[in-house]
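Protein chains: 2
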Amino acid sequence: MQALVYTDTQTLIYREEKNPKLVNGESIIKVSASGICGSDMHAYHGKDNRRIPPLILGHEISGTIDKGKEIGKKVVLNPLITCGSCDYCKSEREHLCSKRIILGMNRPTERQGGLAEYVSIPDKNIYELPENLNIKEAPIAEPCAVALHAVKLGEENLFKSINDSKALVIGAGAIGLLSGLILSKLKNCKDLTIIEPNDKRLKESLKYLDADGFKPNNKSLPSDSFDIVFDTVGLEVTRKQAINCVKPGGIIIHIGLTEPSGTFDFRKTTLQEITFIGTYCYTNKDFEKTLNILNKKEIGSLDWIEYRKLQDGSLAFKEIHNGSCAAPKIILLT
Amino acid sequence: MQALVYTDTQTLIYREEKNPKLVNGESIIKVSASGICGSDMHAYHGKDNRRIPPLILGHEISGTIDKGKEIGKKVVLNPLITCGSCDYCKSEREHLCSKRIILGMNRPTERQGGLAEYVSIPDKNIYELPENLNIKEAPIAEPCAVALHAVKLGEENLFKSINDSKALVIGAGAIGLLSGLILSKLKNCKDLTIIEPNDKRLKESLKYLDADGFKPNNKSLPSDSFDIVFDTVGLEVTRKQAINCVKPGGIIIHIGLTEPSGTFDFRKTTLQEITFIGTYCYTNKDFEKTLNILNKKEIGSLDWIEYRKLQDGSLAFKEIHNGSCAAPKIILLT
Chain A
224 MQALVYTDTQ TLIYREEKNP KLVNGESIIK VSASGICGSD MHAYHGKDNR RIPPLILGHE
284 ISGTIDKGKE IGKKVVLNPL ITCGSCDYCK SEREHLCSKR IILGMNRPTE RQGGLAEYVS
344 IPDKNIYELP ENLNIKEAPI AEPCAVALHA VKLGEENLFK SINDSKALVI GAGAIGLLSG
404 LILSKLKNCK DLTIIEPNDK RLKESLKYLD ADGFKPNNKS LPSDSFDIVF DTVGLEVTRK
464 QAINCVKPGG IIIHIGLTEP SGTFDFRKTT LQEITFIGTY CYTNKDFEKT LNILNKKEIG
524 SLDWIEYRKL QDGSLAFKEI HNGSCAAPKI ILLT
Chain B
224 MQALVYTDTQ TLIYREEKNP KLVNGESIIK VSASGICGSD MHAYHGKDNR RIPPLILGHE
284 ISGTIDKGKE IGKKVVLNPL ITCGSCDYCK SEREHLCSKR IILGMNRPTE RQGGLAEYVS
344 IPDKNIYELP ENLNIKEAPI AEPCAVALHA VKLGEENLFK SINDSKALVI GAGAIGLLSG
404 LILSKLKNCK DLTIIEPNDK RLKESLKYLD ADGFKPNNKS LPSDSFDIVF DTVGLEVTRK
464 QAINCVKPGG IIIHIGLTEP SGTFDFRKTT LQEITFIGTY CYTNKDFEKT LNILNKKEIG
524 SLDWIEYRKL QDGSLAFKEI HNGSCAAPKI ILLT
């Protein structure tokens with residue numbers, strides 16, 4: 224098969240690779256569409272110790288079953304593969320399973336990703352494509368489930384109702400925009416602000432999102448003023464902005480992983496009783512709910528997604544890298 | 224009146240001071256007993272910008288009403304003075320009131336503390352001494368309310384019941400021991416560990432607490448093994464130990480304020496979905512519940528408290544400073 228292979232830091236080559244083999248309990252999917260995630264970009268920059276070249280990246284995937292039990296069925300993949308038998312898996316917190324692996328990673332275990340013609344996946348991770356969801360758009364289910372899970376954690380911990388809360392989203396990438404759309408369109412949050420340093424991307428997100436939009440250094444961002452802050456970037460500087468902007472007794476939801484450590488203001492965290500919640504992926508239920516949300520078009524138009532051909536994927540990575548791409552999400556079509 | 228005055232870094236002088244004046248809505252308390260808190264020690268080390276010398280420290284106070292409406296009544300003081308009219312005060316989160324002040328602080332507003340013969344306090348902050356609580360022991364109500372509030376935040380955020388959780392308490396000072404006693408005796412937590420570098424203090428705490436006790440570098444503290452961790456110290460190194468020891472999906476409750484900032488592992492926080500909760504003081508309800516708990520002797524013997532005379536207070540601060548004192552709490556008697 225043809226695949227876009229991550230061969231070295233900032234290097235992707237579209238080349239011939241071996242087809243995945245069918246094993247018991249799994250299916251082979253002919254990939255239709257596969258999204259580029261921020262974590263793929265992290266790998267591309269040589270900064271992800273779970274993704275070591277050579278590797279086929281990509282875990283936001285839709286396609287058609289090519290080999291397996293239900294050949295021809297159009298599907299969306301939940302790329303998070305878990306053991307199914309540990310305490311976490313049994314208590315609907317599969318995303319915390321110690322044996323979890325994700326498509327498009329090779330540490331600690333190898334699972335080739337979706338930026339290819341074919342990919343293999345356990346049958347239990349395969350979901351039928353909802354009838355009103357375009358197969359091209361369907362990879363967005365994965366980051367949308369991440370955002371839904373993050374908003375759920377915020378909602379569970381907020382002292383007041385989320386529709387009555389003042390919310391700040393840091394970053395207008397896919398997770399930022401999707402978190403904003405869920406807050407605004409699903410949770411009826413009426414006081415929403417999004418901040419993003421890239422002018423093009425900020426402008427693009429505001430076409431779809433009913434929110435105030437600013438660059439991060441804008442003076443309209445007073446201290447101690449937001450009930451909940453979603454840091455979808457995860458830099459030391461964005462965490463600094465999050466803890467500065469959050470109200471006493473408020474919540475920070477931390478989704479991004481750009482800088483894995485750094486200093487933080489634990490004094491305010493303690494004296495103002497801030498709850499800081501790390502969030503990763505989604506539960507199986509979150510993924511199912513997301514497909515339902517997308518099927519009902521509850522987060523509105525997905526026209527903010529850009530599409531490219533898989534063979535042009537290397538250029539797409541370059542554009543995301545140098546900030547010349549306004550779209551919060553690029554999906555590659557095979 | 225005589226008072227123990229904090230006059231300079233690591234300097235306390237027992238000397239004559241002006242008596243507090245009675246103002247409308249307040250009472251003057253003749254102090255019986257006043258505890259030394261970790262935050263007083265923080266001030267003593269010149270590291271608290273809310274407590275600038277000269278100042279009478281102390282906010283853990285019992286006594287008798289000397290001037291005011293109910294002269295002669297034996298009382299315990301809630302030292303957290305709040306506005307009573309803001310959103311936080313109206314929603315039973317008085318401890319987050321932006322106008323809050325605590326006895327024994329002078330920034331942003333001055334309120335002389337309880338390490339003196341007399342102290343003034345608003346009537347609404349005065350609670351009747353419970354009948355089964357010795358007036359000498361009663362100042363422990365304040366740190367006990369801090370610990371009760373911290374355990375409550377943990378309980379609200381844990382995915383499973385606290386009595387079924389594996390808990391770690393970092394630090395065997397008063398807040399550490401009280402958190403442990405509440406977890407063990409009130410919440411029936413059966414798998415409790417406490418760690419403390421000071422041998423004497425660790426040994427003393429284990430006389431009263433049904434827990435495993437270790438020094439922080441002990442090998443019986445594996446990574447990823449506690450559902451909930453209480454960091455009652457708040458150093459960079461204790462936060463590092465907390466994030467290392469907590470299980471995926473677990474909770475860190477951060478009570479201490481020894482080092483206000485520092486680096487932290489946000490990668491594990493995110494990938495393992497850790498909830499990090501800063502906690503400060505207590506609500507009025509927490510304080511009332513604490514008095515009830517102490518009245519019913521629900522956390523057992525308070526014989527771990529040591530008592531000294533107020534005029535010998537300077538020496539008590541020195542002993543706490545140099546680690547020669549095993550007791551988790553020293554209360555000064557006037």
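Chains A and B are the protein sequences, given in the same order.
Start counting at 1 in the first sequence, then tack on 223, and there's your number in our numbering.
Start counting at 1 in the second sequence, then tack on 223, and there's your number in our numbering.
Note that CB positions come from ideal geometry on N, CA and C, so glycine has one too.
Below the 7 Å Cβ cutoff, chain B contributes F489, T492, T493 as neighbours of A/H477, in chain order.
The DSSP assignment places complete beta strand (DSSP E) segments of no fewer than 3 residues inside the region 314–347 of chain A at 341–345, in order along the chain. Taking a beta-carbon distance threshold of 9 Å, B/S547 does not count as an interface residue toward chain A. Following the DSSP letters along the chain, one finds B/E351 inside the beta strand (DSSP E) bounded by residues 349–351. Shown here, B/D526 sits in coil according to DSSP, grouped into three states, outside any helix or strand. Under DSSP, A/S285 takes part in a beta bridge, and its partners are A/A256, A/V299. Every alpha helix (DSSP H) stretch that sits fully inside the region 406–491 of chain A and reaches 4 residues is listed by chain position as 422–431, 459–468. For the region 344–399 of chain A, the continuous beta strand (DSSP E) assignments of 3+ residues that do not extend past its boundaries occur at 349–351, 389–393, in sequence order.
Its Cα nearest to that of A/P276, the residue A/Q233 stands out among A/I475, A/Q233, A/G546, A/E340.
Scanning its chain for C-beta atoms nearer than 6 Å, with the 5 sequence neighbours on each side dropped, one finds around A/K296 the residues I288, in chain order. Sorting A/D435, A/G501, A/L338 by C-alpha distance to the C-alpha of A/T557 places A/L338 at the top. Excluding its 5 nearest sequence neighbours in each direction, B/D433 has C-beta neighbours in its own chain below 6 Å: S407, listed in chain order.
Contact with chain B is absent for A/Y431, since none of that chain's Cβ atoms lies less than 9 Å from the residue's Cβ.
Chain-ordered, the chain B residues with CB closer than 8 Å to the CB of A/R316 read F382, G472. For B/D231, the beta-bridge partners assigned by DSSP are B/T234. As DSSP reads the structure, B/T498 sits in a beta bridge with A/I500, B/I474. Nearest CB-CB separation between A/T486 and chain B: below the 9 Å threshold. About 22 Å separates the CB atoms of A/F489 and A/A373; that is not less than 8 Å, and the two are not in contact. Along the region 503–533 of chain B, going in chain order, the ones with a CB nearer than 7 Å to a CB of chain A are Y503. In this structure, B/R274 lies away from B/R238, with their beta-carbon atoms at least 9 Å apart.
Counting of Cβ neighbours within 10 angstroms places B/V246 among the exposed residues, the total staying below 16. At the C-beta level, A/E340 and A/V254 come within 9 Å of one another.
The straight-line gap separating the alpha-carbon atoms of B/T492 and A/V369 is approximately 16 Å. Contact between the region 472–479 of chain B and the region 448–463 of chain B is established, with three or more Cβ pairs separated by less than 8 Å. In this model, B/P362 and B/A397 are separated by some 12 Å (Cα to Cα). Annotation: the continuous alpha helix (DSSP H) that includes A/K512 extends over 507–518. A/T506 and A/V299 have their alpha carbons spaced roughly 15 Å apart. Collapsing the DSSP output to three states places B/I251 in a strand. Between A/L376 and chain B, the shortest Cβ-Cβ separation is below 9 Å. Shown here, B/I554 sits in a strand according to DSSP, grouped into three states. Taking a C-beta distance under 9 Å as the contact criterion, B/I500 and A/T486 do not qualify as a contact pair. Under the Cβ criterion of 9 Å, B/G457 is counted among the residues facing chain A. The DSSP-derived three-state label of B/I543 is helix. Rounded to the nearest angstrom, the gap between the Cα atoms of B/T332 and B/C504 is 18 Å. Straight-line spacing of the CA atoms in B/D435 and B/G479 works out to 21 Å. Here the alpha carbon of B/G536 sits roughly 12 Å from the alpha carbon of B/A256.
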